[in-house]
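Asker: Using my numbering, you'd call the opening residue of the sequence shown number 165 and step up by one each time.
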Amino acid sequence: MEITLTQGDITEQQVDAIVNAANSSLLGGGGVDGAIHRAGGPEILAECRALRAAHYGKGLPTGQAVATTAGRLPARWVIHTVGPVHPDPREGAELARRTELLASCYRESLRIATELGARSVALPAVSTGVYGWPMESAARIALAEVMEMGRTGGLDEAIDEARFVLFGADAYGVFERVLQELSHGPMVD
Ligand code: ADP
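1. With C-beta atoms as the reference, is Leu-346 less than 8 Å away from Met-311?
2. Between the region 221-235 and the region 184-201, are three or more C-beta pairs nearer than 8 Å?
3. I'd like to confirm something about Pro-238: is its beta-carbon nearer than 7 Å to some heavy atom of the ligand ADP, or not?
4. Span of the beta strand (DSSP E) holding Val-338?
5. I need the straight-line Cα distance from Val-249 to Gly-349, nearest angstrom please.
6. Quick one: residues in its chain with C-beta nearer than 8 Å to the C-beta of Gly-198, no 5 flanking neighbours on either side, listed in chain order?
7. Counting contacts by CB-CB distance shorter than 8 Å, is Val-242 in contact with chain C?
8. Among the candidates Gly-293, His-244, His-201, Ala-218, whose CA atom is the shortest distance from the CA of Arg-271?
9. Given this structure, state the Cα-to-Cα distance separating Ala-218 from Cys-212, to the nearest angstrom.
10. Classify Gly-247: buried if its beta carbon has 16 or more other beta carbons within 10 angstroms, exposed otherwise.
11. Examine the ligand ADP and report whether any of its heavy atoms sits within less than 7 Å of the Cβ of Gly-194.
12. Please report how far the alpha carbon of Leu-319 lies from the alpha carbon of Arg-327, in whole angstroms.
13. If distances are taken between C-alpha atoms only, which option among Val-242, Thr-278, Leu-224, Glu-207 comes closest to Leu-265?
14. With 16 other CB atoms within 10 Å as the buried threshold, where does Gln-344 fall?
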């Protein structure tokens, strides 16, 4: 499995599965979620409503993931995951717990992608928008988890490409630097 980085709009990616930074209601929101429902059309929301009615009466728990059709998007599936809200610094132990939940979003999304047979997956920087997670910390958690899964989770054969799609040059630059660091150690000028 190759980890790649792209700057752009996740709804335009030609991949088998697109991961959505959803909220637990599964009924749509802003950011990535809004863009996916706008571009993918009402079929996605219809499946989300059915999932709510059948399995997730209280909503999809943070750190978990679930798949629906991708409607009109070029992908075959949307995998909805719910990131944690970044905790207030005064909340102490919450940071460790929610860091694990953020890693779980990537783990669960890729596990579902593998079950579906998706060979290429586009991933957003979950929790870095409305949920307020600082980009650098989010990039470390996301990249470390996906790299680890590539090594130990059997993904190397199952998935060809895990593509992080970053909205804007700043986010892209942070992911690029962290990926470089995690792969080869810190850059030296
Ligand atoms: P969350 O609620 O998990 O914080 P958001 O959707 O608000 O999720 O934001 C997650 C990240 O996705 C942010 O960095 C935001 O800039 C970025 N983003 C927003 N729209 C898109 C899009 N169409 N494609 C890719 N990334 C996007």
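Using N, Cα and C, we set each Cβ at its ideal position, and we do this for glycine too.
Answerer: Per the coordinate set shown:
1. By the CB criterion at 8 Å, Leu-346 and Met-311 fall inside the cutoff.
2. Segment contact: the region 221-235 against the region 184-201, three or more CB-CB distances shorter than 8 Å; contact assigned.
3. Not under cutoff, so the answer is no.
4. Where Val-338 is concerned, there is no enclosing beta strand (DSSP E), although the alpha helix (DSSP H) it sits in stretches over 333-348.
5. Near 29 Å, if we compare the C-alpha coordinates of Gly-349 and Val-249.
6. In chain order, Gly-192 place their CB closer than 8 Å to the CB of Gly-198, counting only its own chain and leaving out the 5 sequence neighbours on each side.
7. No chain C is present in this structure, which holds just one protein chain.
8. Nearest C-alpha to Arg-271: His-244.
9. Going from the Cα of Ala-218 to the Cα of Cys-212 covers about 10 Å.
10. Classification for Gly-247: buried.
11. Taking 7 Å as the cut-off, one finds at least one heavy atom of the ligand ADP near enough to the beta carbon of Gly-194.
12. The C-alpha of Leu-319 lies about 14 Å from the C-alpha of Arg-327.
13. For Leu-265, the nearest C-alpha among the options comes from Leu-224.
14. Residue environment: Gln-344 is assigned as exposed (fewer than 16 neighbouring CB atoms within 10 Å of its CB, all protein chains considered).
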